[in-house]
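K.L.:
Below you'll find the structure I mean.
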């Protein structure tokens with residue numbers, strides 16, 4: 028899931044999430060509407076036990092940064108990627 032969905036499902040406020048990851052609430056808001064820096068994406072994924080994943084935090088380029096994840100998330104790849112698979 029992405030950060031916004033995580034916040035909603037866990038009833039966590041942006042400022043609480045920000046405090047957990049030692050960033051500002053404004054930065055969390057930017058992440059929700061954009062993408063998370065790769066190093067922070069790894070930190071968040073690990074801290075939340077995979078509830079929020081790197082591909083969902085960097086939808087526009089995750090397969091370029093972490094190509095080893097492509098087989099795990101083929102439904103999140105762009106349609107022109109050779110490993111793309113439609114979600115069932």
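Numbering (our numbering), first residue to last: 28 to 115. Note that beta-carbon positions come from the ideal geometry of N, C-alpha and C, so glycine has one too.
So does the stretch 84-103 actually touch the stretch 55-63, counting three or more Cβ pairs closer than 8 angstroms?
P.N.:
Yes, since at least three Cβ pairs between the stretch 84-103 and the stretch 55-63 fall closer than 8 angstroms, the two stretches touch.
K.L.:
Taking DSSP as the reference, what is the three-state secondary structure of residue 70?
P.N.:
Numbered from 1 along the chain shown, position 43 holds the residue referred to as residue 70. In this structure, residue 70 counts as helix in the three-state DSSP scheme.
K.L.:
Going by DSSP, what residue range makes up the alpha helix (DSSP H) through residue 100?
P.N.:
Position 73 of the chain shown, counting from 1, holds the residue named residue 100. Element bounds for residue 100: n/a, residue is neither H nor E.
K.L.:
Whose CA, out of 107, 112 and 78, lies closest to the CA of residue 98?
P.N.:
Counted from its first residue, the chain shown places residue 98 at position 71. Nearest C-alpha to residue 98: 112.
K.L.:
Could you check the C-alpha separation between residue 20 and residue 36 for me, to the nearest Å?
P.N.:
Here the chain has residues from 28 to 115 only, and residue 20 is not among them.
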